[in-house]
Amino acid sequence: MKLADRKDKYILAQRALADILPEIPLYQGVDVEAFSKRLLGYKGNEFWWMNNSAEWYLAATS
Numbered sequence: 001m002k003l004a005d006r007k008d009k010y011i012l013a014q015r016a017l018a019d020i021l022p023e024i025p026l027y028q029g030v031d032v033e034a035f036s037k038r039l040l041g042y043k044g045n046e047f048w049w050m051n052n053s054a055e056w057y058l059a060a061t062s
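So in the numbering used here, spot 23 of the sequence shown is number 23, and the numbers just go up one at a time.
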């Protein structure tokens with residue numbers, strides 16, 4: 001098969017696939033958040049881990 005013909009076939013296949021599924025998820029990112037049990041006021045956020053850092057504080061040690 002000629003390169004130009006193969007290119008045309010790939011373009012047609014891509015268009016057909018885009019009609020069925022406009023986006024193909026290639027992976028799912030895993031975000032792990034670990035912090036001390038003494039850290040209080042922390043609220044997890046999927047967009048930015050420091051979203052409420054003004055509200056964080058450490059519990060007193062015993």
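We put the beta carbon where it would ideally sit given N, CA and C, even for glycine.
Asked: Contacts around Y57, its chain only, beta-carbon distance under 6 Å, and the 5 residues preceding and following it disregarded; Found: L40 and G41
Asked: 8 Å Cβ cutoff met for R38 and A59; Found: yes
Asked: Beta-carbon proximity list for F35, same chain, < 8 Å, skipping 5 on both sides; Found: Y42
Asked: Simplified DSSP state of L39, which is helix, strand or coil; Found: strand
Asked: Pick from D8, Q14, W49 and M1 that is closest to I24, judged by C-alpha positions; Found: Q14
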